[in-house]
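Residue numbers (UniProt numbering): 1 to 83.
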C-alpha cells in the first residue's frame, strides 16, 4: 500500500524530496513525512519531524500499548544521556 501511494504521487513530488519517511508501531502507521535533507537524525525527542530530525516520541498513537510505551521511554532516556 505504501509503495503504491508513492507511485500514485510520483509526478507531483517535488524534485528536492530525498525520501519518504514512514514511522510504524505494531504494523500501524503513526506518521509520514517527506525529507528534503540528505541527512536525517533519529532520536527519542518529542518534536516529531522538523525537516532534519525525527523524534520518535513526537507522534501520537491512541492504540499504543504498554510495551511500546516502555521501549519509547528507553529510547528517550538513551537520547537524553547522550546529549
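Beta carbons are placed, not taken as given, at the ideal position from N, Cα and C, and that holds for glycine.
Remember, predicted model here, so these are calculated numbers, not experimental data.
1) Report buried or exposed for residue 51, applying the criterion of at least 16 other Cβ atoms within 10 angstroms of its Cβ.
2) At what residue ranges does the UniProt domain "MH2" (18-83) contain a whole run of the alpha helix (DSSP H), taking only runs of 4 or more?
3) Might you give, ordered along the chain, the residues of its own chain that have their beta carbon closer than 8 Å to the beta carbon of residue 40, omitting 5 neighbours on each side?
4) Among 12, 15, 76 and 9, which has the Cα closest to the Cα of residue 46?
5) Sorted by chain position, which residues of the same chain lie with C-beta nearer than 7 Å to residue 36's C-beta, five sequence neighbours on each side aside?
6) Hey, would you say residue 30 sits closer than 8 Å to residue 11, going by beta carbons?
7) With respect to the alpha helix (DSSP H) encompassing residue 12, which residues constitute its N-terminal and C-terminal limits?
8) Straight-line CA distance for residue 166 to residue 34?
Reading from the atomic positions:
1) exposed
2) Segments of the alpha helix (DSSP H) lying fully in the UniProt domain "MH2" (18-83): 66-81.
3) 19, 21, 52, 53 and 54
4) 76
5) For residue 36, where only same-chain residues beyond five positions count, the Cβ hits under 7 Å are 16, 17, 18 and 51.
6) no
7) Per DSSP, residue 12 belongs to no alpha helix (DSSP H) and is neither H nor E.
8) This structure cannot speak to residue 166, because the chain is shown only from 1 to 83.
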